[in-house]
């Protein structure tokens with residue numbers, strides 16, 4: 647596990663840290679904001695959120711996104727937006743972790759992170775359990791993670 651800069655209430659899903667800082671209830675369903683720290687060279691498989699728009703605000707580190715087939719590299723103080731229904735992923739670039747805020751509208755997706763951390767499910771080894779949770783959260787995996795472009 648990475649050092650925990652997020653403090654109490656942090657969950658750990660195989661080395662990626664998550665702390666929900668604005669819950670579904672706090673926002674009356676409007677959004678969820680999660681503070682996250684991802685290890686170097688990590689990132690999720692390509693996927694689509696069918697029910698939420700997603701925005702990332704980079705606090706530290708550097709990330710390369712693939713959003714609808716377009717590559718974007720973002721660093722501290724920069725943001726990326728992914729409309730619902732658009733295939734996307736990201737990978738942490740370099741040898742330092744990336745801390746970023748994940749904002750999803752409407753709220754509720756934090757339940758997926760909690761389920762993954764509780765079960766410590768691994769991709770691809772535990773895809774049956776991962777897919778089951780993904781389906782409950784309107785998430786579809788569509789391909790493998792990406793490697794950063796040179």
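Numbering (our numbering), first residue to last: 647 to 796.
Built from N, CA and C at the ideal position, the CB exists for glycine as well.
Computed from a predicted model, the values in this text were never measured in an experiment.
Check, Outcome
"Give me whichever residues DSSP pairs with residue 676 in a beta bridge.", "Answer is none; residue 676 lacks a bridge partner."
"If we call anything under 8 angstroms between Cβ atoms a contact, is residue 758 one with residue 783?", "yes"
"Residue 784 by DSSP, collapsed to three states: which one?", "coil"
"In angstroms with no decimal places, state the Cα-to-Cα distance between residue 740 and residue 667.", "27 angstroms"
"Out of curiosity, what's the CA-to-CA distance linking residue 689 and residue 735?", "7 angstroms"
"Which of helix, strand or coil does DSSP assign to residue 671?", "coil"
"Taking the beta carbon of residue 742 as the centre, do at least 16 other beta carbons fall within 10 Å, making it buried, or is it exposed?", "exposed"
"Output the boundary residues of the beta strand (DSSP E) element that contains residue 710.", "708-713"
"Rounded to whole angstroms, what is the Cα-Cα separation between residue 650 and residue 729?", "30 angstroms"
"Pull up the distance between the alpha-carbon of residue 720 and that of residue 674, whole angstroms please.", "30 angstroms"
"If the criterion is Cβ atoms closer than 8 angstroms, does the pair residue 711 and residue 747 meet it?", "no"
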